[in-house]
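A.B. asks:
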Amino acid sequence: LEKTGVFVDDQEAREVFDGDGAFVDRKSKMVKIPPYLVEDAIRSAPSKLFLAGRNPKNDIVLESNRVGFTNFGEGIKVVDPYTGELRDTTKADVAASARLVDYLSDVDVYERAIGAHDVPQEAGQLHNAEAWFPNTTKHGFMGPLNGRLLKKIVEMAEAIVGGRDRLKERPIISFITCPSSPLKLEKENCEIIMEAARSGLTVNILSMAMAGATSVVTLAGTLVTHNAEVLAGVVLNQLTRRGAPVIYGSSTCPMDLWRTT
Numbered sequence: 026l027e028k029t030g031v032f033v034d035d036q037e038a039r040e041v042f043d044g045d046g047a048f049v050d051r052k053s054k055m056v057k058i059p060p061y062l063v064e065d066a067i068r069s070a071p072s073k074l075f076l077a078g079r080n081p082k083n084d085i086v087l088e089s090n091r092v093g094f095t096n097f098g099e100g101i102k103v104v105d106p107y108t109g110e111l112r113d114t115t116k117a118d119v120a121a122s123a124r125l126v127d128y129l130s131d132v133d134v135y136e137r138a139i140g141a142h143d144v145p146q147e148a149g150q151l152h153n154a155e156a157w158f159p160n161t162t163k164h165g166f167m168g169p170l171n172g173r174l175l176k177k178i179v180e181m182a183e184a185i186v187g188g189r190d191r192l193k194e195r196p197i198i199s200f201i202t203c204p205s206s207p208l209k210l211e212k213e214n215c216e217i218i219m220e221a222a223r224s225g226l227t228v229n230i231l232s233m234a235m236a237g238a239t240s241v242v243t244l245a246g247t248l249v250t251h252n253a254e255v256l257a258g259v260v261l262n263q264l265t266r267r268g269a270p271v272i273y274g275s276s277t278c279p280m281d282l283w284r285t286t
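So the mapping is simple: my numbering equals the position in the sequence shown, first residue as 1, plus 25.
1) In chain order, what residues of the same chain lie with their CB nearer than 8 angstroms to the CB of E136, ignoring the 5 residues before and after it?
2) Please say whether V63 and G30 have beta carbons closer to each other than 8 angstroms?
3) Taking the alpha-carbon positions, what's the L174 to R189 distance?
4) Let me know if Q146 comes out buried or exposed under the rule of 16 or more other beta-carbons within 10 Å of its beta-carbon.
5) Per DSSP, E136 is paired with what?
6) If you run the structure through DSSP and keep just helix, strand and coil, what is S69?
7) Assuming L244 is part of the alpha helix (DSSP H), what are its boundary residues?
8) Out of D133, I217, F42, A234, which one is the CA nearest neighbour of T162?
9) Looking at the structure shown, is N229 part of a helix, part of a strand, or coil, going by DSSP?
10) Straight-line CA distance for T265 to R223?
11) Can you tell me whether N90 is buried or exposed, with buried defined as 16 or more other CB within 10 angstroms of its CB?
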């Protein structure tokens, strides 16, 4: 982070980094982050997070000595349970996946499992939120696509729980954003990281570095890429609002170089 840096494709985020001591190359959009900023961000990030469910019996606390489980996302195809046909996912499927997870006692939180393809995609995440919010009593994670849609989804959550202050007390939703490997925070990543911090809601910064594809083939090198991407996001999150809830995420994996999958 200090020597190579990360590509930050958002002007506001670059200004945040610049204002707190990072070296910003305005022409290349590369941001180099000194160790003290990284270490301070790690210290200020909470070690315990409260994830509220629509039903308090489904509340969960994330901390170092507890393990929780979630489903994964995001599927773009589904085998129709009635016809056996492989087809694109729909808004109704989003609702059905939320109901399924709500029923499964071993799954602690819902991550939006699939995305609706039968709705206008520029507002797809709003439709997805509308579909799963009423169909699970568990805490929900979703990728909002950008900062503008995140704010709209926060408004939906506020309406459900009874207002902004109530949502801060009982945060029923968290957000996910995935940096682009190698070492790139897209504009949308930055918007989500900063807006989540301002809203007081958790964001999971989830690197998906792929060894042998978007990262070097070695495990050690891939972990360097992975950690740099997530830490850059954590620093931006904590510079935006010190103490903001943030998750150090991972979906890093190796590419099968024999089958190129």
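Beta carbons are placed, not taken as given, at the ideal position from N, Cα and C, and that holds for glycine.
C.D. replies: Per the coordinate set shown:
1) On the sequence shown, residue 136 is found 111 positions in, with the first residue counted as 1. Result list for E136: T95, N96, F97, G98, G165, F166, M167, I201, in chain order.
2) Looking up residue 30 in the sequence shown gives position 5. Looking up residue 63 in the sequence shown gives position 38. Note that the C-beta distance between G30 and V63 is not below 8 angstroms.
3) On the sequence shown, position 149 is the one that residue 174 refers to. On the sequence shown, position 164 is the one that residue 189 refers to. If you take the alpha carbons of L174 and R189, they lie about 17 angstroms apart.
4) Mapped onto the sequence shown, residue 146 falls at position 121. It counts as exposed.
5) As a position in the sequence shown, residue 136 is number 111, starting the count at 1. F166.
6) Mapped onto the sequence shown, residue 69 falls at position 44. In the structure shown, S69 sits in a helix (DSSP, three-state: H, G or I).
7) Mapped onto the sequence shown, residue 244 falls at position 219. Under the DSSP assignment, L244 falls in the alpha helix (DSSP H) whose first and last residues are 244-265.
8) Here residue 162 is taken as the residue at index 137 of the sequence shown, counted from 1. Ranking D133, I217, F42, A234 by Cα distance to T162 puts D133 first.
9) Within the sequence shown, the letter at position 204 stands for residue 229. In this structure, N229 counts as strand in the three-state DSSP scheme.
10) Taking the sequence shown and counting its residues from 1, one reaches residue 265 at position 240. Taking the sequence shown and counting its residues from 1, one reaches residue 223 at position 198. About 7 angstroms.
11) Within the sequence shown, residue 90 is the residue found at index 65, counting from 1. Label assigned to N90: exposed.
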